[in-house]
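Note that the numbering used here has the sequence shown beginning at 63, numbered continuously upward. Beta carbons are placed, not taken as given, at the ideal position from N, Cα and C, and that holds for glycine. Only one structure is covered here, and it is reproduced in the block below.
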Amino acid sequence: MNYTSMYSVLAVKKLFKSLVVLGLMFLFIANPKALAQNDTIPPSKLIMRDTIDVGDSARKGIINKLIQPIRFKENRNKRERERVVDLIRNLTTDGDLAIDSTTVQLIADELLDLTNQLMVTKDTTVSIQNEIARTIKNLDSKAPKVLVDSIQIQLGNVLQGLLDQSQKEKAAEKSSLTASLSELRQIGLSCGAPGLPILRDSVGDTLIVDYQFCLKAKIPVFGWYGNANNFQEYNLNYLTDLIIQSYQVGSDGLEANPRGLRMVLDSAVLSKSLAFGKRVSLSIETTSAQRTRNLLRSASVSSSLFGRINELVKEYGLGGINISLAGLRESDSEGLSNFIGKFKENLAALDTTLLLTLNIPPIANSPEFDLASSIDYTQLNSQVDYYLIQAQRLNIAETTIPFSLSPLYPDQTSSRGSIENAVAFYTNGKVPISKLVVTLSYEGIFWPMQGFIPGSRADDFGTIIDYSESQAILSRALESENGSVLGFDPIQASAYLNYRDSQGLKQLWFTESQGLGAKYKWLLDNNVGGVAILGLGTESGLNSLWDVLGASMIEVDSLVVSSQKIEVEEAQEPRTIWSYLKTYSRDIQWAGLNDIYIGDPNKKPKEEYCYYDIYPDGDSLRVLANQKGIQSYWDYENKFSQYPGTDYYSLDSDKECLCLLGRWDKYADLNFIAFAIFFVLLILAVVITFFGIKRFGEEWTLRSVFIGLTIAFGLLAFICFFFFLFFNTQLKFIGAGSSEVTIWGVIIIFIVGILAGIIIHRLRISRTFTQRDLP
């Protein structure tokens, strides 16, 4: 949501207030002693420092004190702070300004606070100068007009300089974000997602490569899913893993929530995530310390859990397990190590690729520090793939110190947890940083306040709200006439809102893209193993959080699908009868296979066949051969051999495939012609034999010759007809065109062989047992 237009009205009000204070400064100019106190600050005590020390309260430099609460970035605002100091120093040196420390602090606070607000408005130079001029004219100042004009111009320049610099930086950040997203959106799909187009290119003159451009996460990105999340808003292309909540362990180790668990697992969440190639883990949770101890100490309970998890993994194709144990104690360390070891052993027996992740405390307080210190990481590191630091709860609601839920850096003024401290603790000889995953949340938290002075405590405990509710509060507060102030704390890397509602003053810390971007960058810069995100699906249609996730964590990758050698055409030597017979024998072997692959049989995402169900006919083959530049079906052939490392037979290219089909088609035509010739000869031999025996009787001397020819022509006709059927790809029940074993061909040969043997036997013995008239 863009709040700048609504916020501009509030900024103008604040500007007016600031300039009223500046009007008081002009009164001092007219009568330096009228309101000045004894502790007037000489120009020599106006000190600029190169660094900001928040805890240096003893420093006498007044400007350093004034800018400490603002926490300007040194690399951006040093020049602008110097301009503010130079303005005040020049006035005091010339004797035109005599002010006390309280007034200086008030002026500087208002000026710098005004500048921060102007950073999120659309005010131009003209509007700033007009507001300054209008305020000064309305003041009853006795200061010289020249001095008033000088202050007006210099003050306008200071404010505009701060605003311009901020706007330039915001424009540069937005431009960088847009450029990153533009590249990602052109690809659109993550590696392994359905629908990715396959591109083809040649490498040199010897290799053809099929590849895909896809989106790949720089580090693992885990997304949490529960029943309250709207899965339709998930961008699975920006995630590597999905963790489904949850399997709640019962007293017997079985799920205490069977209905809710089944509802989640049977939903489209699981099937869609798996279709996108995402690894889906099931979160196993205990809801109390008693359930945790029961699970860690009882062999029967853990055994029941392991057996049930095995069933769910097999049934739903799960890729991992996440473990979250409530109420862990220091005394549970040994039990935890034993439980995790047995669980990992159980998963490895099922599938060695199954992921095992463990939730660990965020070190937000002393009890968590003691618990985290008691865990035996030496044993766990070989069993646990990732440790998920629960950094979404670095702050708790039961406190009156208002700050964000997941501060990035520690605060020197309060003992709160931070992401930096948590990572530093676990990487200090405990866990490899590559195994650490920091969990962040889209949730917000607000406190009732009496005032907004830095360091003030809240009136009561905080209230945690989800992202959509925090956005609703922002919308109402910025539209309200009660006024509100937006801010951003770079130490916590979080935005806040000071506002008033019907119940009084409130301070809201909420999640937005700038803070998330800073945390994502810190995780990448420090080589942390991954990030996990809670609250996905609560964005209510807003894409800013997905955009910063994509721009920060996702990059474009190229994935090789397959490769094949480029056929180098060489001068063909004249083929001999022997070479034709060798090719013919190999082609018979190819025709007897069920599946013939092209290239790697294990090619991803889908293997390529030399046709499978529907084969092109002779005319179609000739058209395809012309398109491929094939002059003769005998130009490309391959030995009958298995693809290296597999049990499957494969051709090297689609040209070899087309030539093989073309030769089969030629063999079928030739065998049919041969069948027709031998069948005609068979008919002639039968007719001649019949009339020869009829005319010359059983004593016909050529009788045995023509009987032999009849048998030979019959067998040859049958063999040719069989191979016509065998090589004909348009027939689905036998030979090359069949996707099944050619059992029918074997049966036909067996039957015909028996019949042929019977006929031959009858013809040979018929003369022996002929009736004769004896004398």
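Reduced DSSP secondary structure (H/G/I, E/B, other) of residue i
| i | result |
| --- | --- |
| residue 438 | coil |
| residue 817 | helix |
| residue 665 | coil |
| residue 623 | strand |
| residue 696 | coil |
| residue 764 | coil |
| residue 471 | coil |
| residue 778 | helix |
| residue 268 | coil |
| residue 542 | coil |
| residue 126 | Interpretation of residue 126 is limited by its pLDDT of 39, a score under 50 that renders its predicted location unreliable; no figure is taken from the coordinates. |
| residue 284 | strand |
| residue 890 | Outside the shown range of the chain, which is 63 to 837, sits residue 890, and nothing can be said about it. |
| residue 580 | helix |
| residue 742 | helix |
Local Cβ density within 10 Å of residue i, reported as buried at 16 or more and exposed below that
| i | result |
| --- | --- |
| residue 494 | exposed |
| residue 791 | buried |
| residue 646 | exposed |
| residue 405 | buried |
| residue 693 | exposed |
| residue 708 | exposed |
| residue 733 | buried |
| residue 343 | buried |
| residue 247 | exposed |
| residue 776 | buried |
| residue 649 | buried |
| residue 640 | exposed |
CA-to-CA distance, residue j to residue i, given in whole angstroms
| i | j | result |
| --- | --- | --- |
| residue 681 | residue 658 | 22 Å |
| residue 671 | residue 662 | 10 Å |
| residue 702 | residue 314 | 59 Å |
| residue 537 | residue 505 | 16 Å |
| residue 754 | residue 774 | 18 Å |
| residue 182 | residue 238 | Confidence at residue 182 is low in this model, with a pLDDT of 45, below 50, so the placement of that residue should be treated as unreliable; the coordinate-derived value is given next. Approximately 19 Å between the Cα atoms of the pair. |
| residue 117 | residue 557 | For residue 117, the predicted structure reports a pLDDT of 34, less than 50, and the residue's modelled location is therefore unreliable. A value from the coordinates is still provided. The straight-line gap from Cα to Cα measures roughly 22 Å. |
| residue 274 | residue 462 | 53 Å |
| residue 817 | residue 793 | 25 Å |
| residue 517 | residue 245 | 43 Å |
| residue 403 | residue 397 | 10 Å |
| residue 600 | residue 573 | 12 Å |
| residue 279 | residue 500 | 15 Å |
| residue 783 | residue 799 | 15 Å |
| residue 250 | residue 260 | 14 Å |
| residue 785 | residue 738 | 13 Å |
| residue 374 | residue 660 | 37 Å |
CA nearest to the CA of residue i, picked from the options
| i | options | result |
| --- | --- | --- |
| residue 700 | 636, 491 and 652 | 652 |
| residue 848 | 451, 274, 741 and 311 | Lying before the first or after the last residue shown, residue 848 is absent from the chain, which here runs from 63 to 837. |
| residue 492 | 448, 655, 513 and 475 | 448 |
| residue 642 | 679, 698, 602 and 589 | 698 |
| residue 778 | 740, 765, 761 and 788 | 740 |
| residue 539 | 512, 517, 552 and 567 | 567 |
| residue 4 | 716, 728, 750 and 438 | Only positions 63 to 837 of the chain appear in the structure, and residue 4 is not among them; the question remains open. |
| residue 596 | 407, 301 and 339 | 301 |
| residue 592 | 734, 294, 453 and 541 | 453 |
| residue 294 | 376, 318 and 334 | 334 |
| residue 727 | 788, 254 and 279 | 788 |
| residue 347 | 736, 367 and 250 | 367 |
| residue 602 | 251, 395 and 533 | 533 |
| residue 780 | 400, 276 and 813 | 813 |
| residue 549 | 543, 541, 542 and 560 | 560 |
| residue 551 | 562, 580, 529 and 497 | 580 |
| residue 258 | 337, 304 and 503 | 337 |
| residue 455 | 547, 303, 563 and 484 | 484 |
| residue 393 | 384, 429, 369 and 408 | 429 |
Distance cut-off 8 Å: residue i Cβ against heavy atoms of the ligand GDP
| i | result |
| --- | --- |
| residue 758 | This structure simply doesn't include the ligand GDP, nor any ligand for that matter. |
Inter-stretch contact (C-beta, 8 Å, three-pair minimum) for the region 439-447 and the region 417-429: yes
State whether the region 513-525 contacts the region 616-629, with contact taken as three or more CB pairs (one from each stretch) at a distance under 8 Å. As far as the Cβ criterion goes, the region 513-525 does not touch the region 616-629, which means the pair count is below three.
The region 372-380 / the region 324-341 touching (three or more Cβ pairs under 8 Å): Touching, yes, given that three or more Cβ pairs across the two stretches are closer than 8 Å.
Quick one: any contact between the region 751-771 and the region 722-736, if contact means 3 or more CB pairs under 8 Å? no
Check whether the region 406-414 touches the region 465-478, taking contact to mean three or more Cβ pairs, one atom from each stretch, closer than 8 Å. Judged by pairs of C-beta atoms under 8 Å, the region 406-414 does not touch the region 465-478, as fewer than three such pairs exist.
Does the contact criterion of 3 or more C-beta pairs under 8 Å hold for the region 577-593 versus the region 277-284? yes
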